[in-house]
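Here is the structure we will look at.
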């Protein structure tokens, strides 16, 4: 997962709102809308915005929040404070800890594992940024389907948690009945991380934890690592284990046994782990998908996400080795990967309605990362400011009927998001789409699901097309041909 520095929840209730199932989820969704409104007001240099609060009876209502006039000065002060904290944090690091550097130099890789990087360009340092605020919901996998050639097409059902995340099952180790974990399959990162029995932090205590002592297939390396995400830090040990995805067994695969979680996002979330499906150059070690390819397990060296906006167990799936073309409308359109690090493709134009925003051009294309581990759309601050100034979301979506579409033009193809797909609303009775609402006064919160994010020059500037985009356009990640296929989801 590629980002985030914030608590990220998005959601649904028909078209693109959230089905609120409990108070905990509702509070985080309200927090997200408030966060989006605040950041958008700052970007547009407004004097105030309407924050969602509660009256004495607990009903949701607007509270006017006035912004500081000298926004730039405030941001500068915050940046200086952040830099000082970062310096102190760096000084505390243990000298033998591997921190944000290629692991290839310090992890004993087999000859076959090293072969993953042949003819694939130079390695780059780890740079993980991730958003992880999630709820936990179990789900069983269907059996793997064997095709005539004897290779697998693995079909992994995904549970949609209020359109905030999509969770599937992964088995690690040999301890039957104790080795199944709920994970997020993330195209924006490249390591497999699972909470360890050794981890005593709050986030780990809420998760199901891996116990090496109960597994006969555990193979110790014991190299200590630290991974810095946008929402916190993970510390752990790199080891080897047998990992299984829908009956597809991978022996002696590298994974991180997480022994410490630092950061509110990890503490709040109820999840067991992350499976990174980005390019191995992000870390310098093979990804889980690399093991599938090297062990010749798959019918094709690609995987496909078909994400459904209906929450729960409603048809969302991840397919290793193929795709389910009954889940799409029309044909797949393929776009070459710009750089084998993130799954990035290039856009030559972003439109708001019929107007070209001028953010991208044929001469200066925008890097677009298709990231299943990010909920929102994100982009460079100055570009998001331009986009928001052209959309102008009213606090209660009063202008919803006249709001424009957002179109990403990629290799001459138009990928359109309508307001009902990029606007998040909260009402007194829950969350509903303003498109379906007859009474605008019931809406107590409304925000565009677009967040500013500036990445270091090595990776940025770039846009992230998160689940807001992928729930409309199914995404096929083709490692054999280094391309991303996009197709309209049939359920849209």
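Numbering (mature numbering (1 follows the signal peptide of the UniProt record, and there is no 0)), first residue to last: -15 to -1, 1 to 477.
Using N, Cα and C, we set each Cβ at its ideal position, and we do this for glycine too.
Model, not experiment: these values are computed from the prediction.
query                                                                                                                                                                      : result
Please say whether residue 179 and residue 256 have beta carbons closer to each other than 8 Å?                                                                            : no
What residue range does the beta strand (DSSP E) around residue 94 cover?                                                                                                  : Segment: none, residue 94 is in no beta strand (DSSP E) and carries neither H nor E.
Report the rounded CA-to-CA distance for residue 344 versus residue 445, giving the unit in angstroms.                                                                     : 15 Å
Give a yes or no on whether the C-beta atoms belonging to residue 392 and residue 452 are separated by under 8 Å.                                                          : no
Between residue 230 and residue 155, how many whole angstroms is the CB-CB distance? I'm expecting something under 8 Å.                                                    : 6 Å
Considering residue 246, what are the terminal residues of the beta strand (DSSP E) in which it resides?                                                                   : 233 to 247
Under a three-way DSSP split, which group does residue 336 fall into?                                                                                                      : strand
Assess, as a yes-or-no matter, whether the region 139 to 149 is touched by the region 290 to 306 under the definition of 3 or more beta carbon pairs within less than 8 Å. : yes
Just to check my reading of the structure: residue 363 and residue 455 have Cβ atoms closer than 8 Å, yes? What is that Cβ distance to the nearest angstrom?               : Not really, about 14 Å apart at Cβ, beyond 8 Å.
Write down the C-beta distance between residue 182 and residue 195 rounded to the nearest angstrom, noting that I regard them as a contact closer than 8 Å.                : 6 Å
DSSP three-state call for residue 368: helix, strand or coil?                                                                                                              : helix
Does residue 282 come out as helix, strand or coil in the three-state DSSP assignment?                                                                                     : coil
Quick one: is residue 417 buried, meaning 16 or more other Cβ sit within 10 Å of its Cβ, or exposed?                                                                       : With a pLDDT of only 47 at residue 417, under the threshold of 50, the placement of this residue in the model should not be trusted; the figure read from the coordinates follows. That one is buried.
What residues in its chain sit with their C-beta under 8 Å from that of residue 467, if we drop five residues either side in the sequence?                                 : 321, 322 and 325
Between the alpha carbons of residue 469 and residue 332, how many angstroms are there, rounded?                                                                           : 13 Å
According to DSSP, which residues form a beta bridge with residue 373?                                                                                                     : None; residue 373 has no bridge partner.
For residue 407, report the span of its alpha helix (DSSP H) as first-last.                                                                                                : 404 to 407
Distance check for residue 334 and residue 355, CA to CA, integer angstroms please.                                                                                        : 16 Å
Just reading off the beta strand (DSSP E) that residue 101 is part of, what are its end residues?                                                                          : Note, residue 101: premise wrong, no beta strand (DSSP E); not H, not E.
Does the beta-carbon distance from residue 167 to residue 259 come in below 8 Å?                                                                                           : no
Given this structure, state the Cα-to-Cα distance separating residue 24 from residue 200, to the nearest angstrom.                                                         : 47 Å
Out of 340, 311 and 262, point me to the one whose CA is closest to residue 327's CA.                                                                                      : 262
Below 8 Å between beta carbons: does that hold for residue 139 and residue 395?                                                                                            : no
Would residue 158 and residue 164 qualify as a contact pair, given that the criterion is a beta-carbon distance under 8 Å?                                                 : yes
If you count every other CB in all the chains shown that lies within 10 Å of the CB of residue 207, and 16 or more means buried, which is it?                              : exposed
Taking C-beta to C-beta, are residue 472 and residue 338 nearer than 8 Å?                                                                                                  : no
May I have the straight-line CA-CA distance separating residue 94 from residue 190, to the nearest angstrom?                                                               : 32 Å
What does the Cβ neighbour count give for residue 269, buried or exposed, with the cut at 16 atoms within 10 Å?                                                            : buried
Could you please give the first and the last residue of the uninterrupted beta strand (DSSP E) stretch that includes residue 171?                                          : 165 to 171
For residue 455, which of helix, strand or coil comes out of DSSP?                                                                                                         : helix
Between the beta-carbon of residue 177 and the beta-carbon of residue 212, is there less than 8 Å?                                                                         : no
Can you pull the DSSP bridge partners for residue 270?                                                                                                                     : Residue 270 is not bridged to any residue.
For a cutoff of 8 Å on Cβ pairs, would you count residue 351 as touching chain D?                                                                                          : Among the chains in the structure shown there is no chain D, since it carries only a single protein chain.
Please tell me whether residue 30 and residue 49 are closer than 8 Å, where the distance is taken between their beta carbons.                                              : no
Measure the C-alpha to C-alpha separation of residue 369 and residue 340 and round it to an integer number of angstroms.                                                   : 15 Å
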